[in-house]
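Before any comments, here is the structure.
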Amino acid sequence: MSVIGSLTTNLAATQGMPPPRIARTRRATFFSFVGLGTLAGVWLMYVYLSEHGMRWSEWALLAAFVPLYYQLNTGFWTALIGVWLMNRPRPDPLDLWRSLTPEEHEQPVTAGTAIVMPIYNEDVTRVFEGLRSIYLSLQETGHAANYDFFILSDSDQTSQWIEEESAWLELCRQLDAFGRIFYRKRRKPINRKSGNVSDFCRRWGRRYRYMVVLDADSLMSGGLLNAMVRIMEKNPGVGILQTFPKQIGSETLLGRVMQFAQALYGPAFMAGLDYWQCGEANFWGHNAIIRLDPFIKNCALPPLPGKEPFGGHILSHDFVEAALMRKAGYAVRLLNTPRGSYEEGPPTLVDMLKRDRRWCQGNMQHFWLLFAKGWHPMSRINFLHGILSYASSLLWLVFLLLATFLAATPLPVESPQSALAARLLLGLTVMLIFLPKATILLDELITGRVFKSPVMRALTFVSGLLDTVVFTLMAPVLMVFHSRFVIYTILGKGVRWVTQRRKLDSGVDWVEVLLNFWPVSLLGVAWSVVAWFVSPGFLLWISPILVCLLAAIPVAVFVSGTRTGLRFKLFLTPEEASPPQVLGTMRENLDEVKGRIQLQPELERFHGLMQVFLDPYINGLHVSLLRRRRNIDVSRAYLNEIERRLIQEGPQSLTPQEIKAMIHDTDTVTNLHYRLWSAAEHELAPFWITAIRQYNLGSGGPFAHTLARKEPAVSDAFKAAS
Amino acid sequence: MEAVNIQFAPATGTEEEWNEAYARLADYFRSYQLHNRIRRTQLILETLRRAAEAHAKNPARTPTEHSIEQARLMLRDWLREIYRDLNLNDAQIEAAGRLGFYLSGGPARWPHFFLDDENLPADMSEAMRAAVRTSGPGMQVSKMTPREIDLGIVSDVAEDTFDTLGRHPMLRYSILILMVGGVLGYLYLLLR
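From first to last, the protein sequence lines are chains A and B.
Numbering of the first sequence is given in my numbering, commencing with residue 3 and proceeding in unit increments.
Numbering of the second sequence is given in my numbering, commencing with residue 1471 and proceeding in unit increments.
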């Protein structure tokens, strides 16, 4: 294995890479502001603490305070610079949109581009309806000829896999997209998502110049996809172009508040990030376009030394791929995209925390990479910020615990200088927390950037105030959980790769909430008792935190509920007010599928399995897609025994491993089709008796169970044939 | 296929068994999305006729088993005729052929010719053959080899430490207990 060079490579091409002089000036400006702000805060804290000399605990408090204040300043200045950029009369000279002339926006898109969607046990309907909308949106632009779509499945739930196969076939049939939309299932999901994408690159990467990576919940408009390819063509120095995916489709309060915040505050933060990250931005793993040749040559991920959770396979691969791309001499740029790039978010607080647990471990792994040789300094800062985004929760918790301790061992504040420092620090901190939000809200009130109508601007202002309440209530709870995640990671407790839930199917699960949040409330009770004993004044000071901890359970239920304020037009986003076509198409089709009569729950649970064995066409499809192997992994006797149990006892009697062994063998899948149909009723498990009786009463077509029913597009070949 | 004889009098098997076979075949052919009832009935009766002959030779198997077996054989013969020049083995013909019939719109466009190997409309055969020819894009294999990242001396030291701690969970938890104990002890000293 060769070792990556110890220096960042010279630029491959300059187009798309901000001139070093401008980048240096911008970073010097930004980090000067951040440094000064941090220094001012730390100095005020030191003055306040050091009145009677510094104790160990006070030094510890100050040490925890420094990174926290740095992070606060980073967010503050990013947002303020973003607001300034959005309002300055002269457009940003580095804006990549400006690299295209109006004529170039209309030119044909000739570069071969693969749109890849890695999936893992995702909602099949959402995945394929999303793809349909993107495909149709691209077709409408008239420049779809050079795009191919790849669904890269790592799903390990058998029923899900079969449903994916049949949805793929039906989608291709309906859109007449055979040879344009491809489905690939990996037998062994090595290295999870990044391994999935690498596998694509190894097999088909050379066929395409660009790759657009989507998540299972991504949605992108054809217009934006074309623009991204054109920008990449015009700027050969750009290796990765990351769009700003806006959250859509939320149905819970948490989801709607998050998507509102993204829509309102996101563009300012995005502009601010682009200002100081320049050509060393981050890749967020999806809704981005990648130049494939340098990606294949330079961005394969080696395993980290040691075992999980710190070592092993790199979980948060996107940051590392961005750093490797930059190291190879290509820019990684952000593209401020007000419309056209979308994703979905977790519906409940528990789902959000599950996602954060995974991201936390991934970001903490980057600790190794902080000190590696040859990174561009900005890549190190990106890694550091990623680590801090979770480690800062633990630092905040430590800070509050130390503050509690210091309050229990008070020393009199006698000097006016110390009292003034405390008041100034409080004012400065409040400003750092709330000023960006206030500025953005004011900007919206004045400019109507998000909504033109004055009523909507006013409602947006009110929603902005209300979202502060929601985020304030959640912040201490997130602090406790993120601290726990960081400690778990340090103690070596890794995370499993689990499917993300993106929709709230059956209301809030109270048991899940209680089981997850009772320790937080208990911590709140214990801390309140301690604070009371320390002093009533301290209890009052720390009460905003403690109230949130005590109310963790009702807050989790409240934010995960479906009373979202939509009735009062609160937290409304432009995508909700007037959905873009790509979103409208998808939603219409999802509603059609959702409105259908469902089969019995047991049949729905094993629907894919039922179909592959009963339906002659889906059976044929699955066998056709399976790679025929000379040797099977398990003995024929073992497979015969599983076949017998499947027929006589039903699919619920088999373990996932047994089902997997069976479903991978072409002979078994073919034989079972006939064995099930030819078995007498007394030989069949009740599941199969019901399945056979009800199968033909189900959906209109075997493949359309998970997809909207649309008239198939008729290909030229069929037109000619008929 | 010969004209269907409505009279069906199998030499072996009970009426109940043949009725069960009939019902199963009806469900089976319906799963092919053949919505033309007349054609479906023709197919059922033709299959039952063949099954009755097979059952007379081997009554150990049930009429339902014979019926599905006969349906499979009829399908194989029919598909073999359509795909004879495509160099596919029996298993591939069976799987891909069924799919080809569906993809070509066969159940709706040519229900009368399903399993009829004596009357094969040219457009149906061509459409079915075209449907199985579509496959994925040819692979163009690239090397995407990960290169080791030089993590530097800090990582070496950290790795050794984590490695040691990872191999000795008792040591790991002892250090943790010592740290927590130290903090608590310090707190005690300050608060007493």
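Using N, Cα and C, we set each Cβ at its ideal position, and we do this for glycine too.
Owing to the predicted nature of the structure, the values given are computational and were not obtained by experimental measurement.
Query: Extent of the continuous alpha helix (DSSP H) to which I1(A) belongs; Result: In the structure as shown, chain A starts at 3 and stops at 724, and residue 1(A) therefore has no counterpart that could be examined.
Query: 8 Å Cβ cutoff met for L294(A) and Y392(A); Result: no
Query: Spatially closest choice to E1535(B) from A1521(B), A1496(B), R1500(B), by CA coordinates; Result: A1521(B)
Query: Distance between beta carbons of E1487(B) and T1517(B), contact taken as under 8 Å; Result: Incorrect: roughly 15 Å between the Cβ atoms, too far for contact.
Query: Proximity to Q159(A) [Cα-Cα], best of H609(A), L709(A), E651(A), P688(A); Result: H609(A)
Query: Unbroken beta strand (DSSP E) run spanning M213(A), endpoints; Result: 212-215
Query: Short Cβ contact (8 Å threshold) for R232(A) with V111(A); Result: yes
Query: Cross-chain neighbours of T1615(B) in chain A, by beta carbon under 7 Å; Result: A302
Query: Residue range of the unbroken alpha helix (DSSP H) whose run includes E131(A); Result: 126-143
Query: Interface residues of chain A facing A1530(B) [CB-CB closer than 8 Å]; Result: The contacting residues do not exist; A1530(B) stays about 13 Å from chain A at best.
Query: Partner residues on chain A for E1490(B), Cβ-Cβ distance less than 9 Å; Result: A682, E683
Query: Cutoff 8 Å: S1501(B) Cβ touching any chain A Cβ; Result: yes
Query: C-beta neighbour in chain A for R1498(B), strict 8 Å; Result: The sequence given here has Tyr at residue 1498(B), not Arg. True, the Cβ-Cβ gap to chain A drops below 8 Å.
Query: Other residues of its chain near L552(A): CB distance less than 8 Å, five sequence neighbours each side excluded; Result: S523, G526, V527, S530
Query: In DSSP terms, what G314(A) is bridged to; Result: L306(A)
Query: Chain B contacts from the segment 642-673 of chain A (Cβ-Cβ distance under 7 Å); Result: T668, T672
Query: Sub-8 Å separation of S161(A) and M588(A) beta-carbons; Result: no
Query: CB of V561(A) within 8 Å of CB of L355(A), strictly; Result: no
Query: In chain order, each beta strand (DSSP E) run of at least 3 residues that lies wholly inside the segment 315-395 of chain A; Result: 333-337, 343-345
Query: Inter-stretch contact (C-beta, 8 Å, three-pair minimum) for the segment 365-379 of chain A and the segment 233-252 of chain A; Result: no
Query: Any C-beta of chain A under 8 Å from that of T1534(B); Result: yes
Query: Chain-ordered chain A contacts of G1622(B) [CB-CB under 7 Å]; Result: F373, A374, K375
Query: Sequence-distant residues of the same chain with beta carbon closer than 6 Å to F540(A), five excluded per side; Result: A409, A533
Query: Through-space distance from F262(A) to K248(A), alpha-carbon basis; Result: 9 Å
Query: Residues that L1569(B) contacts on chain A, provided the C-beta gap is smaller than 7 Å; Result: Y619, G622, L623, S626
Query: Three-state class that DSSP yields for I242(A) in the structure shown; Result: strand
Query: Which listed residue (I183(A), P418(A), F78(A)) has its alpha carbon closest to that of E131(A); Result: I183(A)
Query: Bounding residues of the beta strand (DSSP E) (the contiguous stretch that carries F184(A)); Result: 183-187
Query: Exposure of I192(A), with buried meaning 16 or more beta-carbon neighbours within 10 Å; Result: exposed
Query: Beta-ladder partner(s) of I292(A), from DSSP; Result: M213(A), I242(A)
Query: Neighbour list for L1549(B) in chain A, Cβ cutoff strictly below 8 Å; Result: Near L1549(B) there are no residues of chain A at all, since even the closest Cβ is about 10 Å away, more than 8 Å.
Query: Check whether E645(A) and R677(A) have beta carbons under 8 Å apart; Result: yes
Query: Residues bridged to M234(A) (per DSSP); Result: M234(A) pairs with nothing; no bridge assigned.
Query: Environment of V415(A) [buried if 16+ CB atoms lie within 10 Å]; Result: exposed
Query: Minimum Cβ-Cβ distance from R204(A) to chain B less than 8 Å; Result: yes
Query: Continuous alpha helix (DSSP H) stretch holding A116(A): start and end; Result: First-last for A116(A): 115-121, but that is the beta strand (DSSP E), not the alpha helix (DSSP H).
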